[in-house]
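In my numbering, the protein residues as written are 14 to 671.
To start, the structure itself, in structure tokens.
So, in structure tokens, the structure goes:
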């Protein structure tokens, strides 16, 4: 694969967009002088958070069960099983101090990304420290951690071999039905709080919230969305969205709340939303969540609290001396802060008693699916089926309008500016190169043209009949592809690397583009943060390039696409009147199939958020009519469909191969 110098183009464009948003936000914060101004800003922040985390599902019966009890020297641990939504079983431990004098303060503990979930030693540690200081503590397992492996029935689980990869699998499928995995995680926490507050031992006026890493994430989201908490101490998560982006640190899908960057929010705003309620921000000196961002967030929160007249003790910062993790120093700081806030005394606890899985498992086999839970992929499949059954069939202008809206397509000028780049030799042929400025900003799509006469590589001379090919990953590997040449059928061949593919692919992505935490995944996540669409931005690159070709002399453009490029080609052909025939190789037959399969290999960057409430790919294919030729469609694993499998898939989607 060729080196180009455009590898950081997309990343830098995102950085500029976030910095621009932050400049406006910081100016707003700097202008807040009065309590009324602060409350006005707070109302706007709360509204944006409600939109990102809504709508909430209806509360259904928890059906809480106590399946066993573990007695320790200082507390008893009740093993709980409850239902956060129909069919969704959650395993939890409730720590109850042995000696309680009246109602006790309580804390909800949220787990970080540990395979052991609630039994992770550090998480047992903070629960026991709190219990020995007189707190009733509930800690619960997240999806695919502890006892909540959703995929244990599948013969091949390599694609979801750890909890983070599993979360991202769930997350991309939820996007298709218009949901966000972070809200599913948050809802588990809301229902866990319901379980905790139902206990007669609990003082509802003193309810804390804490967790580390991914648990810090859930602490941040729950704190901003659930007013029943009265104090919080997130650990090893709080920084800034900008720091994570600049440091090339992809986040988990539950850490990309849709639309918050577009609404002008930073992480600190999730604490500003709750001002002046007491909060301590915890970090570690050597944590990969940048401590500069943590300090910035704390300063913003503290200054906002000052405007509201909050006591100095209501916002605190503690940075331990370790790498990422809920080490003893952070745990002790958290316990001390809660004691100060809840008006109790704090004592140090140097040793804790760990329990193992055999003693601590809530379910008989250590798995909620075995205990009767419905796997999340079946819940998603059911939701997708309901959407399909209730969806009106869109055609013509209505389909085009809806697709345009869901892709969040930017406005286009009549024709973009282009630069003529240095040509290259590919398999003995001259390949001219052009940077098409599809912007705004510094984004360029790199267009390649196969030339018979290499002397014309320094100009752009567009023929009346041209063919544009959209590759799967990289144009340079498909320039000499015989299928592309055959599909062009004598027309001049152009190939296009849209943003983030081919020449604008980050160098670190080239070896493993499809990694669940690759740069492509990170860019998709940041478009979600802006409330926009990564696949939509790529479709925009294609549409703008077709504008250029038409402006420069093409009377009709035929297009083809391979794999990911087939998805882009289908949308471009639907939305651009200058496109004639379109040929797709390796195209997915439907998003519905991806929402109804346990595992999906297609990257989330090919998905249109909430599309299944409005349309599916077969609607697009049918709208293309006789212009469309489908060749070797791919299944949900990005593998060719053949023989009986192909016939069944075509029948399910109501499609005919041409």
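Just so you know, even glycine gets a beta-carbon here, dropped at the ideal spot from N, CA and C.
All values derive from a computational prediction rather than experimental measurement.
Asked: Beta-carbon within less than 6 Å of residue 372's beta-carbon, same chain only, minus the 5 sequence neighbours each way: which residues are those?; Found: 83
Asked: Might you give, ordered along the chain, the residues of its own chain that have their beta carbon closer than 7 Å to the beta carbon of residue 183, omitting 5 neighbours on each side?; Found: 156, 194 and 389
Asked: Could you please give me the residues that DSSP links to residue 573 through a beta bridge?; Found: 482 and 596
Asked: What three-state label does DSSP hand residue 226 in the structure shown?; Found: coil
Asked: I believe residue 331 touches residue 293 by the beta-carbon criterion, under 8 Å. Please report the beta-carbon distance rounded to the nearest angstrom.; Found: 6 Å
Asked: According to DSSP, what are the bridge partners of residue 84?; Found: 89
Asked: Could you tell me if residue 435 is buried or exposed, where buried requires 16 or more neighbouring beta carbons within 10 angstroms of its beta carbon?; Found: exposed
Asked: Grab me the residues of residue 412's own chain with a C-beta within less than 8 Å of its C-beta, minus the 5 sequence neighbours each way, in chain order.; Found: 587, 628, 632, 633 and 636
Asked: According to the neighbour-count rule (16 or more other Cβ atoms, all chains shown, within 10 Å of its Cβ), is residue 60 buried or exposed?; Found: exposed
Asked: Going by CA-CA distance only, name the one from 645, 284 and 35 that's closest to residue 1.; Found: The chain is shown from 14 up to 671; residue 1 falls before or after that span and cannot be answered.
Asked: Taking DSSP as the reference, what is the three-state secondary structure of residue 381?; Found: coil
Asked: Which of the three DSSP states is assigned to residue 16 in this structure?; Found: Residue placement at residue 16 is poorly supported in this model, since its pLDDT is 48, which falls under 50; the coordinates are not used for a value here.
Asked: What does the alpha-carbon distance come out to for the pair residue 219 and residue 282?; Found: 23 Å
Asked: Taking DSSP as the reference, what is the three-state secondary structure of residue 37?; Found: helix
Asked: Residue 549 and residue 483 - do their beta-carbons sit closer together than 8 Å?; Found: no
Asked: Counting only runs that start and end within the stretch 401-482, where is the beta strand (DSSP E) found for 3 or more residues in a row?; Found: 431-439, 442-449 and 458-464
Asked: So which of 356, 355 and 333 has the shortest CA-CA distance to residue 345?; Found: 333
Asked: Nearest to residue 513 by CA position, among 481, 555, 479 and 656, is which residue?; Found: 555
Asked: Locate the beta strand (DSSP E) running through residue 102, then write down its first and last residues.; Found: 101-110
Asked: Taking just the CA atoms, how far does residue 179 sit from residue 408?; Found: 36 Å
Asked: Identify the continuous alpha helix (DSSP H) that holds residue 318 and give its terminal residues.; Found: 304-320
Asked: Residues bridged to residue 78 by DSSP?; Found: 94
Asked: Going by DSSP in three states, residue 364 sits in which element: helix, strand or coil?; Found: coil
Asked: Figure out for me which residue from 426, 446, 266 and 192 has the closest Cα to the Cα of residue 70.; Found: 192
Asked: Three-state secondary structure (DSSP) at residue 612?; Found: coil
Asked: Any idea if residue 16 is buried or exposed, counting beta-carbon neighbours within 10 angstroms, 16 or more meaning buried?; Found: Note on residue 16: pLDDT 48, under 50, position unreliable in the model; no value is reported.
Asked: In the DSSP assignment, find the beta strand (DSSP E) that holds residue 334 and state where it starts and stops.; Found: 328-336
Asked: Return the chain-ordered ranges of every beta strand (DSSP E) run that is complete within the stretch 187-274 and spans a minimum of 3 residues.; Found: 215-225 and 244-248
Asked: Apart from the five residues just before and just after residue 90, which ones in its own chain have a Cβ nearer than 6 Å to its Cβ?; Found: 83, 106 and 108
Asked: Within 8 Å, do at least three Cβ pairs link the stretch 494-502 to the stretch 465-477?; Found: no
Asked: I'd like to know if the stretch 534-547 and the stretch 250-269 are in contact, where contact means that at least 3 CB-CB pairs between them fall below 8 Å.; Found: yes
Asked: What's the C-alpha gap between residue 248 and residue 43?; Found: 27 Å
Asked: Less than 8 Å separating the beta-carbons of residue 476 and residue 505?; Found: yes
Asked: Spatial neighbours of residue 564 within its chain, please: C-beta separation below 8 Å, excluding the five flanking residues on both sides.; Found: 427 and 428
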